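Chemist: This is the structure I have questions about; it appears just below.
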Amino acid sequence: MSSVTATRASEVGAPEHVADRSSRRNPRRRAAATVVHRAVVVLLMLYLTVPFAWMLVYSLYPGQNMRGQHMDFTPGDLTLGSYARLLSDSTFTVPIRNSLIVAAATTVLCMALGSLCAYVFARFRFRGQRVLLLSMMAVQAIPAIVLAVPLFVLLRAFGLYDSLVGMVLTYTAFILPLVIWMMVSFFESIPVNLEKAARVDGCTRLGIVRRVVLPLSGPGFAATAIFAFITAWSDFFLAKVLTSNSSPMLSVRTASFQGIFAMDYTAAATAGVITALPVLILALVAQKWIVQGITEGAVKG
């Protein structure tokens, strides 16, 4: 009888012993996973920030300090002369103006049209709805280089080649499907009961979108708008194909500092910093809304 009791006791105690050993191992595994995770994050941050930091340093020193095998990083040699030189040059400030106008107009147009289209996809059911939405995304898989020649011919035919209007329409055509796709998920996360209550209060459908839907989807709207602006601001290929040297975009002008036989590294670094500044400012100012909007979209998806 005692042997049976001892056997049962050992069987009962065995899982507790295994659980105890497992609990001792889990903290070690969690600690190791935390170390690996933080190491990966640090490496990723270095990968993303070091090039920009090096570009910033390069733009603040005279060219002679950065040439040769031994670079001179004397603090007293720091200067903003390269920035003053570029920002006083009309061949550089005009592309900045062009890019700002095109990116801002593209963002406004994409968000105005995209919000209305996304609301229709999110709230109405009609035949071919899913196919139409998937078709818009399938078009995005077509490389821009395939459409470059047709776009060039089309804009030349309508007199829009080398014009800001032509660039705005082109970027809108490329970015609008992605804006619609992103906004649909945000609109679907809003309870329909809120819209029904607004209808009872006498609000029109357009008024519901303006007074109820858009305010509630503010973080997602901000994240999508910033995405549209950055995409239009940083594009190089279409800007190179659809504009000439007389009115280039900022990305094209920045690339022109690299010549065939020589390159002005200080000017190129300065132009790179100026090009990246609007993106950095937007990301810092709207960081809260970007993270919240991306999180809401991921949870909904």
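Residue numbers for the sequence shown follow full-length UniProt numbering, so the first one is 1 and each next one is one higher.
We put the CB at the ideal spot given by N, CA and C, even for glycine.
These numbers come from a predicted model, not from an experiment.
Judging by CA-CA distance, which residue of Ala53, Ala239, Ala118 and Asp264 is the nearest neighbour of Phe152?
Modeler: Here residue 152 refers to the residue found at position 152 of the sequence shown. Ranking the options by Cα distance to Phe152, first place goes to Ala239.
Chemist: Skipping 5 residues on each side, what residues in its chain have a beta carbon closer than 6 Å to that of Val279?
Modeler: Walking along the sequence shown from the start, residue 279 turns up at place 279. Excluding sequence neighbours, Val279 sits near Ile230.
Chemist: If we ignore side chains and look at the alpha-carbon of each, how far apart do Leu147 and Val41 end up?
Modeler: Position 147 of the sequence shown holds residue 147. Position 41 of the sequence shown holds residue 41. So the alpha carbons of these two residues sit roughly 38 Å apart.
Chemist: Relative to the C-alpha of Gly114, which candidate in Val108, Ala144, Ile145 and Ile180 has its C-alpha closest?
Modeler: Taking the first residue of the sequence shown as 1, we reach residue 114 at position 114. Taking only the C-alpha atoms, the option nearest Gly114 is Ile180.
Chemist: Is it the case that the Cβ atoms of Leu60 and Thr91 are separated by a distance below 8 Å?
Modeler: In the sequence shown, counting from the first residue as 1, residue 60 sits at position 60. In the sequence shown, counting from the first residue as 1, residue 91 sits at position 91. No Cβ-Cβ contact shorter than 8 Å links Leu60 with Thr91.
Chemist: Given a cut-off of 8 Å, decide if Val184 and Phe121 are closer than it, judged by their beta-carbon atoms.
Modeler: For the purposes of this step, residue 121 is taken as the residue at position 121 of the sequence shown. For the purposes of this step, residue 184 is taken as the residue at position 184 of the sequence shown. Against a cut-off of 8 Å, the Cβ pair of Val184 and Phe121 comes out as a contact.
Chemist: Assign Thr224 to one of two classes, buried (16 or more other C-beta atoms within 10 Å of its C-beta) or exposed (fewer than that).
Modeler: Residue mapping note: residue 224 aligns to position 224 of the sequence shown, counting from 1. Under this definition Thr224 is a buried residue.
Chemist: Taking 7 Å as the cut-off, is the CB of Asp235 close to at least one heavy atom of the ligand MN?
Modeler: Looking for the ligand MN in the displayed structure turns up nothing, as the structure carries no ligands at all.
Chemist: Three-state secondary structure (DSSP) at Gln287?
Modeler: If you number the sequence shown from 1, residue 287 lands on position 287. DSSP places Gln287 in helix when its eight states are reduced to three.
Chemist: Could you have a look at Gln258 and say whether DSSP puts it in helix, strand or coil?
Modeler: For the purposes of this step, residue 258 is identified with residue 258 of the sequence shown, where counting begins at 1. Residue state, collapsed to three classes: strand.
Chemist: Please work out which residues of its chain come closer than 8 Å, Cβ to Cβ, to residue 305, disregarding the five sequence neighbours upstream and downstream, and give them in chain order.
Modeler: What the structure shows of the chain is the stretch from 1 to 301, and residue 305 is not part of that stretch, so it cannot be assessed.
Chemist: Determine the DSSP secondary structure at Gln140, reduced to helix, strand or coil.
Modeler: In the sequence shown, counting from the first residue as 1, residue 140 sits at position 140. Residue state, collapsed to three classes: coil.
Chemist: Going by DSSP, what residue range makes up the alpha helix (DSSP H) through Thr243?
Modeler: Here the question's residue 243 lines up with position 243 in the sequence shown. It is not in any alpha helix (DSSP H) - Thr243 carries neither H nor E in the DSSP assignment.
Chemist: So, are the CB atoms of Tyr171 and Thr275 less than 8 Å apart?
Modeler: Position 171 of the sequence shown, counted from the start, is the residue given in the question as residue 171. Position 275 of the sequence shown, counted from the start, is the residue given in the question as residue 275. A distance of 8 Å or more separates the beta carbons of Tyr171 and Thr275.
Chemist: Please look up how many angstroms separate the CB atoms of Ala271 and Ala103, rounded, as I've assumed it's under 8 Å.
Modeler: Along the sequence shown, read from residue 1 onward, the residue named residue 271 stands at position 271. Along the sequence shown, read from residue 1 onward, the residue named residue 103 stands at position 103. Ala271 to Ala103, Cβ: 17 Å. No contact.
Chemist: Report yes if the CB atom of Leu242 is closer than 8 Å to the CB atom of Gly166, and no otherwise.
Modeler: As a first step, residue 242 is located in the sequence shown; it is residue number 242 there, counting from the start. As a first step, residue 166 is located in the sequence shown; it is residue number 166 there, counting from the start. Yes, they are a contact pair.
Chemist: Roughly how many angstroms lie between the CA atoms of Leu282 and Ile226, to the nearest whole one?
Modeler: For this step, residue 282 is matched to residue 282 along the sequence shown. For this step, residue 226 is matched to residue 226 along the sequence shown. Their Cα atoms are separated by approximately 7 Å.
Chemist: Locate the alpha helix (DSSP H) running through Thr91, then write down its first and last residues.
Modeler: For the purposes of this step, residue 91 is taken as residue 91 along the sequence shown, with counting starting at 1. Unbroken alpha helix (DSSP H) run through Thr91: Ser90 to Arg123.
Chemist: Give the secondary structure of Gly207 by DSSP, where H, G and I count as helix, E and B as strand, and everything else as coil.
Modeler: On the sequence shown, position 207 is the one that residue 207 refers to. In the structure shown, Gly207 sits in a helix (DSSP, three-state: H, G or I).
Chemist: Let's see if you can read the secondary structure: which residues bound the alpha helix (DSSP H) around Pro219?
Modeler: By 1-based counting over the sequence shown, the position of residue 219 is 219. Gly218 to Ser234 is the extent of the alpha helix (DSSP H) around Pro219.
Chemist: Helix, strand or coil: which one does DSSP assign to Met45?
Modeler: For the purposes of this step, residue 45 is taken as the residue at position 45 of the sequence shown. Helix.
Chemist: Quick one: what does DSSP say Arg38 is sitting in, helix, strand or coil?
Modeler: Along the sequence shown, one-based indexing puts residue 38 at 38. Three-state DSSP puts Arg38 in a helix.
Chemist: When you compare each of Tyr161, Cys117 and Pro248 to Leu132 by their alpha carbons, which one comes out closest?
Modeler: Taking the first residue of the sequence shown as position 1, residue 132 is located at position 132. Ranking Tyr161, Cys117 and Pro248 by Cα distance to Leu132 puts Cys117 first.
Chemist: Using the C-alpha atoms, what's the distance from Ala144 back to Phe237?
Modeler: Here the question's residue 237 lines up with position 237 in the sequence shown. Here the question's residue 144 lines up with position 144 in the sequence shown. The straight-line gap from Cα to Cα measures roughly 8 Å.
Chemist: Can you tell me whether Ser251 is buried or exposed? The criterion is at least 16 other CB atoms within 10 Å of its CB, across all chains shown.
Modeler: As a first step, residue 251 is located in the sequence shown; it is residue number 251 there, counting from the start. The residue is buried, with at least 16 neighbouring Cβ atoms inside 10 Å.
Chemist: What's the call for Val168, buried or exposed, on a 16-neighbour Cβ count within 10 Å?
Modeler: Looking up residue 168 in the sequence shown gives position 168. Buried, because 16 or more other Cβ atoms sit within 10 Å of the Cβ of Val168.
Chemist: Thinking C-beta only, is Ile101 closer than 8 Å to Leu164?
Modeler: As a first step, residue 164 is located in the sequence shown; it is residue number 164 there, counting from the start. As a first step, residue 101 is located in the sequence shown; it is residue number 101 there, counting from the start. Inclusion of Leu164 and Ile101 in the CB contact set at 8 Å is warranted, their separation being smaller than that value.
Chemist: When DSSP labels each residue in this structure, what does Gly128 get in the three-state scheme?
Modeler: What you label residue 128 is simply residue 128 of the sequence shown in a count that begins at 1. For Gly128, the secondary structure class from DSSP, reduced to helix, strand or coil, is coil.
Chemist: In terms of alpha-carbon separation, which member of Glu188, Val94 and Leu155 lies closest to Phe124?
Modeler: What you label residue 124 is simply residue 124 of the sequence shown in a count that begins at 1. Across the set Glu188, Val94 and Leu155, the C-alpha of Glu188 shows the shortest separation from the C-alpha of Phe124.
Chemist: CA-CA distance, Thr93 and Ala84?
Modeler: Within the sequence shown, residue 93 is the residue found at index 93, counting from 1. Within the sequence shown, residue 84 is the residue found at index 84, counting from 1. Roughly 11 Å between the two C-alpha positions.
Chemist: Rounded to whole angstroms, what's the CA-CA distance from Gln287 to Ala31? Just pull it up for me.
Modeler: Along the sequence shown, one-based indexing puts residue 287 at 287. Along the sequence shown, one-based indexing puts residue 31 at 31. Computed Cα separation, rounded: 29 Å.
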